[in-house]
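Residue numbers (the numbering used here), protein chains in the order written: chain A, 1 to 358; chain B, 359 to 728. Beta carbons are placed, not taken as given, at the ideal position from N, Cα and C, and that holds for glycine. The structure presented is a predicted model; accordingly, all values stated were derived computationally and were not measured.
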């Protein structure tokens, strides 16, 4: 075989491989989501130039961050086939607890991080206990703890609200790190990157995917299924607690409605699904959820700026959610039908099968 | 996963006192104890006997529309799905009825029309779920969002109010007669409850509904039209929610977007406390009916008892978690011998007994019919 022939064949193979890589990359949820976000942003900026202004970008990113932190936690739970309906009151409890301490004693943001995380760990752990050891289905268990945690939040507030915080909180919540990027983005990105690395690179992270894919098989493969579930809910609670602190900085107030007032509960689930994680477990990742939180915020802000009747805000979330799951279903079906038709083609003539794989 | 297989030995056997029966008895005892405690202990709860707006029967007006929503969502849960749009549906139906009425339509015709339209919307949701093979949780979540927005946009800045007095009285705050002061809502609920009981336990559709929830594959192979059954369940759920929406509007004398959504979580709580398996295929309608009264009277009772209203709000959640934890602990030991446990751990795979220890309770996603 001549050298020229080999190189052209190599080139062809390389090109095919690249095309396949690109196609695989685009079949992930994150790249199209980024493109759509930029499209929405671009079109809205063309129509209303103020939308693209630096301070508005900063505002939108900061608004997205409590949601993003919560969505990352929710993703971890969805990976193990669960759902956490109690994230809003966990966020609320963390926000009011840290808020009242800061209001009364003037503690700094940094000293509040352990408290917020500790509250989250405790409440998430309780969720996990009910689900793992009492064997209550996740949706029911977290529904029950949702009611209880909401009550606890009201008890802590005792019909008072956090109104005056040390200026440091406002500085963190509103000011920019570099021009259009607010300080609040940093915890969001840190949480996302750390969780993404943990999920992909550690034994614990991979066992979450294994458990979500097939609980029975992962048990027989020696994974400590109870621990995996319990820890997933604890992590979700932890991030919800941290989200409470982010919320406090962003809104510089907290009360018994914190968490409920921005319907963050259902939006966090919507983000998880828009970001490509499925509720059936074992598929997806936190990066998609992070991008989805920004995407959702940008779309909702665009709705306001374009003066579409704001009554339709929730409908926008609903339609986006439906679109996301329809795309999921379409991709799954496409894959299945392709395999199905290939199988039909080659099953009748077994010799052709070997030819096809080469 | 073989979780579905694991349920088979627990299936109901005629003529035996099984765990479902035991659960029903517990619920009845709980309701009786609750009523005795509140009625004997607190004079304001008893409120001067049977009837009257201040008595505990009159108090039932404050939760009966929620009970109707619970009955509706029960059908969907029986079929192994879940409907998160019920509360939004109730509000939307109320707003729809009110807007039709403002547009000049007779209020009764408007009500019937709204219920029918709601049923169609519910069926469409079911169609989307079954045709595209999507998770009911997500589709109804999205549908709920859309219905909520539609209600907000339709009602405008001032929610419609000022219905005819006869309407408010018939569906809302009225009683049977001035002598027998049984709330009208209680009678409507009783009719719906009897209808639901007969439908689930005495008709072919009901048996198919439970079978679809118990094992979708088996139902499909048995010739049950699985998708149609599920769509019907969603239509029923929407119908019951819409009726609840009418009662809600009549009770408050106004139709608003924010009256309904709060009904969702209590409704699911009632269904689960009533002993219906959240993954479908198991339970009794009577249990749900009793559970709605237990939870319904708990709030006014505790308030009359002088309990802090925050604790009162938490009580249903605590009750739910405690009940399910106890049930889980009691049932897990039932019928499983030490040898079964050994076999489950060390025996060959695929056995029916192996599943409970190996499989965690995770979501219901495995029930998707190919």
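{"Item": "Nearest-angstrom Cα separation, counted from residue 103(A) out to residue 71(A)", "Value": "28 Å"}
{"Item": "Stretch-stretch touch, CB-based, cutoff 8 Å, three pairs: the stretch 104–120 of chain A with the stretch 214–226 of chain A", "Value": "no"}
{"Item": "Cβ-based burial, residue 170(A) [other Cβ within 10 Å; buried from 16]", "Value": "exposed"}
{"Item": "Length of the line joining the Cα atoms of residue 302(A) and residue 202(A)", "Value": "39 Å"}
{"Item": "Residue range of the beta strand (DSSP E) that includes residue 177(A)", "Value": "176–178"}
{"Item": "For residue 533(B): DSSP bridge partner residues", "Value": "541(B)"}
{"Item": "Rounded straight-line distance, which links the Cα of residue 522(B) to that of residue 477(B)", "Value": "25 Å"}
{"Item": "Near-chain A residues of the stretch 616–629 of chain B - C-beta to any C-beta below 8 Å", "Value": "623, 626, 627"}
{"Item": "Proximity to residue 676(B) [Cα-Cα], best of 109(A), 62(A), 145(A)", "Value": "145(A)"}
{"Item": "Residue from 516(B), 445(B), 452(B) whose Cα sits closest to the Cα of residue 498(B)", "Value": "445(B)"}
{"Item": "Status (buried if at least 16 other CB within 10 Å, exposed otherwise) for residue 624(B)", "Value": "buried"}
{"Item": "Backbone CA spacing between residue 251(A) and residue 111(A) [nearest angstrom]", "Value": "19 Å"}
{"Item": "Residue 591(B) and residue 439(B) closer than 8 Å at C-beta", "Value": "yes"}
{"Item": "Pick from 684(B), 686(B), 628(B) that is closest to residue 433(B), judged by C-alpha positions", "Value": "628(B)"}
{"Item": "Of the listed residues 660(B), 534(B), 570(B), 620(B), nearest to residue 637(B) (C-alpha basis)", "Value": "570(B)"}
{"Item": "Contacting positions in the stretch 649–678 of chain B - beta carbon closer than 9 Å to chain A", "Value": "666, 667, 668, 669, 670, 671, 672, 673, 674, 675, 676, 677, 678"}
{"Item": "Beta-carbon spacing of residue 455(B), residue 607(B) below 8 Å", "Value": "yes"}
{"Item": "Simplified DSSP state of residue 719(B), which is helix, strand or coil", "Value": "The predicted model places residue 719(B) with a pLDDT of 41, which falls under 50 and marks its position as unreliable, so this point remains unresolved."}
{"Item": "Beta carbon proximity, residue 223(A) to chain B, threshold 8 Å", "Value": "no"}
{"Item": "Under 8 Å (Cβ pairs) to chain B, residues found in the stretch 132–161 of chain A", "Value": "132, 134, 135, 136, 137, 138, 139, 140, 141, 143, 144, 145, 146, 147, 148, 150, 151, 152, 154, 155"}
{"Item": "8 Å contact criterion, which residue 574(B) and residue 558(B) should meet: CB distance rounded", "Value": "Actually they do not touch by this definition, with Cβ atoms about 17 Å apart."}
{"Item": "Alpha-carbon to alpha-carbon, residue 320(A) and residue 274(A)", "Value": "7 Å"}
{"Item": "Residue(s) in a DSSP beta bridge with residue 519(B)", "Value": "612(B)"}
{"Item": "Delimiting residues of the alpha helix (DSSP H) encompassing residue 297(A)", "Value": "286–305"}
{"Item": "Residues that DSSP places opposite residue 189(A) in a beta bridge", "Value": "Answer is none; residue 189(A) lacks a bridge partner."}
{"Item": "Contact residues within the stretch 497–510 of chain B, judged by C-beta distance below 8 Å to chain A", "Value": "497, 499, 500, 501, 502, 503, 504, 506, 507, 508, 510"}
{"Item": "Min CB distance residue 313(A) to chain B below 8 Å", "Value": "yes"}
{"Item": "Those residues which DSSP pairs with residue 182(A) across a bridge", "Value": "176(A)"}
{"Item": "For residue 597(B) and residue 280(A), the rounded distance between their alpha carbons", "Value": "29 Å"}
{"Item": "Euclidean distance between Cα positions of residue 66(A) and residue 190(A)", "Value": "13 Å"}
{"Item": "Pick from 50(A), 62(A), 83(A) that is closest to residue 268(A), judged by C-alpha positions", "Value": "83(A)"}
{"Item": "Assigned secondary structure, residue 634(B) (DSSP; H/G/I helix, E/B strand, else coil)", "Value": "coil"}
{"Item": "Distance between residue 595(B) and residue 495(B) (C-alpha atoms, nearest Å)", "Value": "14 Å"}
{"Item": "Spatially closest choice to residue 278(A) from 85(A), 332(A), 60(A), 92(A), by CA coordinates", "Value": "332(A)"}
{"Item": "Inter-residue Cα distance where the pair is residue 469(B) and residue 134(A)", "Value": "44 Å"}
{"Item": "Beta-carbon proximity list for residue 292(A), same chain, < 7 Å, skipping 5 on both sides", "Value": "33, 71, 271, 274, 275"}
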